[in-house]
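Numbering (the numbering used here), first residue to last: 761 to 833.
Structure below.
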């Protein structure tokens, strides 16, 4: 029965490690996205204005579509 007990311990440790890893990765990604939000239309408009461009809504929509296509959404 010693071998069966070791197998059970290994399986339980594996399940606990996967669960713990999932929650740690989830917390890390949530904090990362809070610190570095993805680019939205407002941020894109501000960037264009800083570069000296006068952004139109059509141009912003085109750039957002190109960025979404690049990311594979």
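Just so it is clear, CB atoms sit at the ideal spot from N, CA and C, and this is done for glycine as well.
- When C-beta atoms of the stretch 785–804 are compared with those of the stretch 818–825, three or more pairs fall below 8 Å, so the two segments count as touching.
- For residue 784, the enclosing alpha helix (DSSP H) has its first and last residue at 762–795.
- DSSP, read as helix, strand or coil, puts residue 807 in helix.
- In this structure, residue 797 keeps its C-beta atom at 7 Å or more from the C-beta atom of residue 808.
- When DSSP states are grouped into helix, strand and coil, residue 813 belongs to the coil group.
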